[in-house]
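4 protein chains.
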Amino acid sequence: MTQFNVGILGATGAVGQKFIRLLQNHPWFTIKALGASDRSAGKAYQEAANWIESTPMPDNVKDRVVRNCMSAQFEDVDFVFSGLDSSVATEIEGDFAKAGIPVISNAKNYRTDPTVPLLVPEVNPDHIELIKTQTFTTDGSGWIVTNPNCVAIPLTMSLKPLNDHFGIESVVVTSLQAISGAGYPGVPSLDILGNVIPFIGGEESKIREEPLKLLGKLKDGKIEHASFPVQATATRVPVINGHLLTVNVKFKKSPADFKEVVQAMKSWRSPIADLGLPFAPKFPLEIFEDERYPQPRLHADSENGMQTAIGRVRSGDVMDVSYIAMAHNTIRGAAGGAILNAELLVSKGFIS
Amino acid sequence: MTQFNVGILGATGAVGQKFIRLLQNHPWFTIKALGASDRSAGKAYQEAANWIESTPMPDNVKDRVVRNCMSAQFEDVDFVFSGLDSSVATEIEGDFAKAGIPVISNAKNYRTDPTVPLLVPEVNPDHIELIKTQTFTTDGSGWIVTNPNCVAIPLTMSLKPLNDHFGIESVVVTSLQAISGAGYPGVPSLDILGNVIPFIGGEESKIREEPLKLLGKLKDGKIEHASFPVQATATRVPVINGHLLTVNVKFKKSPADFKEVVQAMKSWRSPIADLGLPFAPKFPLEIFEDERYPQPRLHADSENGMQTAIGRVRSGDVMDVSYIAMAHNTIRGAAGGAILNAELLVSKGFIS
Amino acid sequence: MTQFNVGILGATGAVGQKFIRLLQNHPWFTIKALGASDRSAGKAYQEAANWIESTPMPDNVKDRVVRNCMSAQFEDVDFVFSGLDSSVATEIEGDFAKAGIPVISNAKNYRTDPTVPLLVPEVNPDHIELIKTQTFTTDGSGWIVTNPNCVAIPLTMSLKPLNDHFGIESVVVTSLQAISGAGYPGVPSLDILGNVIPFIGGEESKIREEPLKLLGKLKDGKIEHASFPVQATATRVPVINGHLLTVNVKFKKSPADFKEVVQAMKSWRSPIADLGLPFAPKFPLEIFEDERYPQPRLHADSENGMQTAIGRVRSGDVMDVSYIAMAHNTIRGAAGGAILNAELLVSKGFIS
Amino acid sequence: MTQFNVGILGATGAVGQKFIRLLQNHPWFTIKALGASDRSAGKAYQEAANWIESTPMPDNVKDRVVRNCMSAQFEDVDFVFSGLDSSVATEIEGDFAKAGIPVISNAKNYRTDPTVPLLVPEVNPDHIELIKTQTFTTDGSGWIVTNPNCVAIPLTMSLKPLNDHFGIESVVVTSLQAISGAGYPGVPSLDILGNVIPFIGGEESKIREEPLKLLGKLKDGKIEHASFPVQATATRVPVINGHLLTVNVKFKKSPADFKEVVQAMKSWRSPIADLGLPFAPKFPLEIFEDERYPQPRLHADSENGMQTAIGRVRSGDVMDVSYIAMAHNTIRGAAGGAILNAELLVSKGFIS
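The listed protein sequences derive, respectively, from chains A, B, C and D. Taking the working numbering, the leading residue of the first sequence gets 91, the next gets one more, and so forth. Taking the working numbering, the leading residue of the second sequence gets 91, the next gets one more, and so forth. Taking the working numbering, the leading residue of the third sequence gets 91, the next gets one more, and so forth. Taking the working numbering, the leading residue of the fourth sequence gets 91, the next gets one more, and so forth.
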């Protein structure tokens with residue numbers, strides 16, 4: 091496989107650090123450039139970053155000098171991963187795309203742009219065709235692809251086979267979200283130790299909207315969004331990694347019983363199963379039968395944090411079915427998801 | 091007010107200890123007798139009990155000799171509180187009732203008995219009339235009253251004004267339950283530290299069923315249960331005290347907007363407000379406007395743990411309204427609820 | 091008892107909030123003025139403060155307009171409590187003292203000033219005489235008194251009777267400190283959830299030095315510090331309130347066995363026991379015999395958070411004795427300690 | 091390398107499960123037999139065990155039938171690992187040794203037997219010669235080797251180079267121990283969530299005594315124990331894995347300053363570095379300079395949980411030096427340590 095040189099924007103932040111950790115030893119991608127704010131630019135990475143990952147900072151980034159997040163300083167990379175803060179991502183990512191540098195972004199800014207794919211390779215790989223409608227450059231060399239919110243991922247991963255089989259009528263979901271989702275320093279310990287915070291700013295609208303774009307259909311170069319309503323409550327719980335969701339779904343075409351729902355999930359086949367993408371989990375969905383599972387602390391790291399775990403699928407009296415869905419919020423739901431997106435884009439020839 | 095001598099069944103367990111703590115300095119009730127299993131009977135209470143409350147064991151129980159849970163040994167009390175384990179409660183509570191000793195029970199065993207009131211004074215005080223239909227004794231001197239499950243309490247407290255105003259069509263609820271709800275030793279720390287367990291055995295059926303009896307109507311000496319469906323997911327979170335619920339409700343008669351729902355809660359008046367019951371919270375429902383609230387660690391102890399806290403009332407796209415409800419699971423949801431029941435029964439002349 | 095009007099400096103911070111909560115319903119002191127930074131000055135307190143206490147903000151401060159921390163704006167108070175940050179305390183507290191307004195401070199800035207009492211009423215009440223040597227004002231109307239670091243308090247409370255009986259030769263101590271000690275937002279949850287941080291900046295030098303001043307002797311208007319060495323390791327643990335210390339002490343005059351040490355602690359009498367100070371704990375030292383105790387979550391709130399709990403007193407092979415000491419860090423170790431200081435100063439006629 | 095068939099005694103318990111997990115894919119050892127109590131014997135392992143490891147139960151043990159812990163049922167193994175409970179280990183391990191089956195045990199029962207090596211390969215590999223003095227069998231085919239307590243391991247690992255350089259005069263240590271050290275169900279969550287328990291039954295005597303045997307000298311077929319006193323306080327903290335120790339050491343020959351102590355640790359070379367043992371950490375001691383480190387959650391898993399992490403080495407006023415030591419309690423301090431012991435025994439020809 092061809093090798094690619096990559097840059098990381100927002101390299102000193104929590105998501106940026108996760109990119110660095112996950113890309114260590116990646117078979118296709120080599121970190122060539124690290125970009126951060128003016129405060130960090132010019133310093134060695136180990137001086138600029140307050141490293142919070144539990145594995146040591148990789149040697150190959152320690153002495154690398156951090157650059158400004160300006161496209162002119164990233165001419166030596168094939169594309170960039172963006173872990174930028176949303177306060178600056180619109181401008182910087184646009185700058186890179188216009189300069190002909192593809193941007194694979196975890197930021198929310200371009201997710202709702204109708205020409206930008208909101209991409210989960212197992213769910214809507216065909217949406218990458220949207221790239222061709224982007225106008226950042228005249229020759230198509232610069233573009234942006236985004237990955238969804240960390241709750242939208244396990245929700246959509248679980249809804250995909252159900253939508254295909256039964257058609258989704260409506261969803262009521264509660265999320266129990268890990269503290270790593272708030273970045274660093276993030277949630278003060280006095281707020282969350284032995285506690286639940288029943289609110290996360292800006293989260294519920296993403297949970298309502300992003301699954302609809304992800305499950306939308308590509309028609310005539312545009313995404314026709316799915317149209318079912320989602321009612322969401324987002325809470326924070328004292329868990330390190332792994333967002334757990336309690337999901338209730340009503341179908342357009344009711345299954346005979348919940349076993350049919352389990353069967354739909356089990357028989358679902360990932361459309362990228364045969365592409366040999368390094369970050370693709372072998373089993374994107376794991377369906378637990380032990381009713382105590384999944385649990386964030388036990389299962390968030392399954393398949394290197396890229397698996398979505400499902401459990402307690404059962405019938406309901408109000409909506410057809412209830413179940414639990416859980417995935418690693420900063421791997422599957424952020425940096426790992428973006429890396430898988432990049433792998434798909436390489437595989438499909440968008441990066442070369 | 092007349093003074094009453096009370097006994098406590100299951101006095102060494104977690105609920106029994108909570109009864110002892112809460113009854114300390116009670117203006118009407120004096121602990122006269124403590125009952126526990128054969129293993130404890132005959133010992134001084136401080137020898138028999140592994141005290142887990144955070145305030146010291148009251149002096150007046152330390153040297154009290156624990157009795158067997160046999161009615162013959164409780165002739166010196168006016169009634170008993172029961173914190174018995176469900177494995178023995180059917181037989182023992184029945185024995186006491188037949189012996190003419192009223193039983194105010196926290197155990198689940200008689201909750202579904204059509205002649206036994208499942209009682210929340212603010213919700214269905216009229217249900218105590220059911221007592222007259224009980225046949226434990228020929229003279230009506232012995233009877234049983236129960237309080238509901240610790241999730242059913244805040245759920246029903248919040249649904250009561252809504253059912254009165256709008257009529258409830260259906261409910262979808264997720265509970266985030268504190269570890270104290272599992273008693274002692276209860277949940278192993280290895281299972282719950284930094285984790286969520288998405289299952290609590292036997293809990294969801296109580297959440298579905300108990301609100302229907304509580305919101306039922308007394309007609310011709312029987313309870314006509316409410317009939318809306320409840321879809322529930324019960325989870326355990328690393329919180330000490332306070333069960334938090336995310337509640338979604340669909341109404342028979344839709345409100346204009348969520349503010350009407352808030353108004354219905356705020357304008358609701360407790361039917362026992364004027365009875366002067368010592369354990370009755372001044373404000374049974376507190377409606378928070380700060381969207382970060384309620385939180386278990388901050389608000390479970392409000393009004394001595396007897397208040398139900400509500401927050402984040404807002405409109406939904408699938409069901410009419412979503413909100414958070416939270417109450418102290420071992421006070422409002424167990425021992426404190428039973429004490430308030432006893433106070434109502436005194437006030438209404440059932441205990442004298 | 092005469093009533094006093096008090097001001098609170100740093101009123102919006104964590105310590106300031108604790109002052110407000112603890113002074114609610116104080117029999118002698120009424121909050122008259124709240125001071126904070128320029129950012130807060132001019133706003134109603136409820137607008138300026140992010141209230142983090144678990145009991146609601148008292149009604150009598152909600153609408154009170156926050157003032158600048160300038161002495162000219164505090165002429166209507168008899169004295170002030172200071173919960174100021176150390177970055178500004180030197181200047182502001184000095185300004186108040188010079189203006190003739192006594193300052194009872196929790197800040198560290200003046201603790202080492204040889205003319206400023208570092209005061210724990212049960213340990214060194216005679217040190218208040220130092221006030222007379224202060225030169226902030228010519229008429230003695232303005233002065234500063236400080237209370238010690240939150241670890242120094244339980245350490246010194248436990249060492250006091252031992253120093254009196256046996257003479258202390260040396261101390262080796264490890265602290266397991268609660269997160270509330272770091273203020274708000276303080277410790278990021280990602281750093282401390284399920285973890286220990288074996289370092290707290292600036293803490294160990296205070297633990298080494300403050301007990302020596304507290305146990306010093308007043309001679310000719312000066313404090314002759316005690317002179318034993320203290321070796322300290324300060325760690326942070328995921329506990330809300332209550333600093334727990336493992337203490338090892340070598341004596342000048344070895345006791346026959348550890349029971350003599352227990353006896354020395356038990357027979358110790360607080361020199362302020364008969365003064366009737368509202369915040370004085372009835373039993374300043376509680377000696378547990380149950381070897382599982384004391385524990386922060388169970389015992390930090392004992393005697394309204396003003397008690398120091400001792401446990402596991404036993405002989406050692408390297409140093410004479412080992413034991414556990416624990417006290418509430420933000421009550422006994424901060425705001426509550428300062429209030430008790432103020433009460434002693436009133437009782438002794440320094441405030442009138 | 092020759093392959094060996096191994097058995098695991100106590101296979102369903104917490105330590106037994108850790109053996110199974112760690113031996114998965116071991117290059118030398120293949121699990122052939124699982125032994126447990128009568129309650130489990132005869133059942134498939136997946137029926138008998140309540141699997142608590144965070145990685146899935148390996149397929150090759152799921153259907154393996156659990157045997158009784160009797161030597162006659164283990165004739166097909168070359169040796170056994172024992173994770174037996176101390177209540178039964180004396181008899182069962184003795185039975186296996188007498189039957190000619192070597193026992194590599196994590197149980198405490200034989201640790202103090204003068205003919206049984208208490209072994210840490212990096213510290214006292216020569217102690218394995220003790221095996222030859224054992225009399226379980228006449229031909230020397232059956233014997234027992236033990237690994238030390240989970241606190242004794244990091245303590246002794248850190249003391250070894252210091253004892254070699256400076257001679258240890260005395261040690262004062264406090265342990266902050268993880269909950270996994272108590273097995274399963276172990277510590278009730280109500281006891282430890284947001285709390286510290288300042289006592290662990292039976293722990294402190296092991297911390298005092300085991301380092302003395304480990305640092306003892308083999309002379310004439312016997313171990314001459316080291317003789318310095320250790321004063322220990324063991325506490326439990328809400329951490330999953332990783333025992334952290336605050337250590338204070340006085341030397342016979344004082345170093346010029348603490349840097350000499352750091353140097354002694356850094357220049358120390360493991361005596362087994364060149365043996366190619368699969369479980370031997372490349373760097374048995376990691377010395378952190380960042381004063382916030384080591385931390386259990388960040389560093390317990392370093393080098394597959396086999397490394398001992400050191401930090402905050404600094405001078406003291408009472409004893410020469412203070413530092414932090416930390417290691418994974420159930421890997422380095424239990425099952426992983428036993429596996430490394432087995433590897434050394436293979437390497438030295440005791441198992442063949």
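From the three backbone atoms N, C-alpha and C, an ideal C-beta is built for every residue, glycine too. No experiment lies behind these values; they were computed from the predicted model shown.
Contacts between I142 (chain D) and chain B, judged by CB atoms closer than 7 angstroms, involve L280 in chain order. Contacts with chain A at 8 angstroms (Cβ-Cβ) do not include V105 (chain C).
The criterion of a C-beta distance shorter than 8 angstroms is not satisfied by P244 (chain D) and R201 (chain D). If the five residues before and after M355 (chain D) are omitted, its C-beta is found closer than 8 angstroms to the C-beta atoms of S248, P251, L252, L375, I377, I400 and V403, all from its own chain and listed in chain order. At least 8 angstroms separates the CB of E165 (chain C) from every CB of chain D.
For the C-beta of I243 (chain D), not a single chain C residue is nearer than 7 angstroms; the gap to the nearest is close to 17 angstroms.
Taking every protein chain shown into account, the CB of A346 (chain B) has fewer than 16 other CB atoms within 10 angstroms, so this residue is exposed.
Taking a contact as a CB-CB distance under 8 angstroms, the pair D216 (chain D) and L308 (chain D) counts as one, their CB atoms being some 5 angstroms apart. Per DSSP, reduced to three states, the secondary structure at L365 (chain A) is coil, with no helix or strand assignment. Looking at the DSSP output, V170 (chain C) bridges to C:G97 and C:V193. Counting other Cβ atoms within 10 Å of its Cβ, N150 (chain D) stays below 16 and is therefore classed as exposed. The region 195–209 of chain D makes no contact with the region 146–162 of chain D; the number of CB pairs closer than 8 angstroms stays below 3. Within chain A, the residues whose beta carbon sits less than 9 angstroms from that of P319 (chain B) are G406, D407 and V408, listed in sequence order.
Straight across, the Cα-Cα distance linking S437 (chain C) with F171 (chain B) is about 48 angstroms. The DSSP assignment places complete beta strand (DSSP E) segments of no fewer than 3 residues inside the region 392–425 of chain A at 398–405 and 411–417, in order along the chain. With 16 or more other Cβ atoms inside 10 Å of its own Cβ, P278 (chain B) counts as buried. Taking each of B:S260, B:G291 and B:V210 in turn and checking the Cα distance to Q267 (chain B), the smallest one comes out for B:G291. Residues of the region 263–287 of chain D whose Cβ lies closer than 8 angstroms to any Cβ of chain B, in chain order: I269, S270, Y274, P275, G276, V277, P278, S279, L280, D281, I282, L283 and G284.
Between the alpha carbons of R387 (chain B) and S144 (chain C) lies a distance of about 8 angstroms. When DSSP states are grouped into helix, strand and coil, E259 (chain C) belongs to the strand group. For the set C:D128, C:V156 and C:Q136, the Cα lying nearest the Cα of V178 (chain C) is the one of C:D128.
With respect to the C-alpha of D410 (chain A), the residue from B:I98, B:I191, B:V262 and B:E165 having the closest C-alpha is B:V262. For E219 (chain D), no alpha helix (DSSP H) run applies, since DSSP gives it neither H nor E. Counting C-beta pairs closer than 8 angstroms gives three or more between the region 283–301 of chain B and the region 309–326 of chain B, which meets the contact rule. Per DSSP, L375 (chain D) is not a residue of any alpha helix (DSSP H); the beta strand (DSSP E) it occupies stretches across L375 to I377. Non-local beta-carbon contacts of G106 (chain A) in its own chain, meaning distances under 7 angstroms to residues more than five positions away in sequence, involve I98, G100 and G173 in chain order. Excluding the 5 residues flanking it on each side, A189 (chain D) has same chain C-beta neighbours closer than 7 angstroms at S161 and G232, in chain order.
Residue pairing for H315 (chain B): DSSP places it in no beta bridge. By the neighbour-count criterion, in which 16 or more other beta carbons inside 10 Å mark a residue as buried, G276 (chain D) falls on the buried side. The way I'd put it, the region 326–337 of chain D does touch the region 379–397 of chain D; three or more beta-carbon pairs between them come closer than 8 angstroms. Within chain C, the residues whose beta carbon sits less than 8 angstroms from that of L388 (chain B) are S144, listed in sequence order. Against chain A, the beta carbon of I330 (chain C) has neighbours under 8 angstroms at L280, L283 and G284, listed in chain order. The straight-line gap separating the alpha-carbon atoms of S442 (chain D) and D168 (chain D) is approximately 8 angstroms. At a beta-carbon threshold of 8 angstroms, the residues of chain C lying near I414 (chain D) are P288 and T323, ordered along the chain. Under a 10 Å Cβ-count criterion, R359 (chain B) is classified as exposed, with fewer than 16 other Cβ atoms of the shown protein chains found around its own Cβ.
Secondary structure note for K372 (chain B): it is in no beta strand (DSSP E), with a DSSP letter that is neither H nor E.
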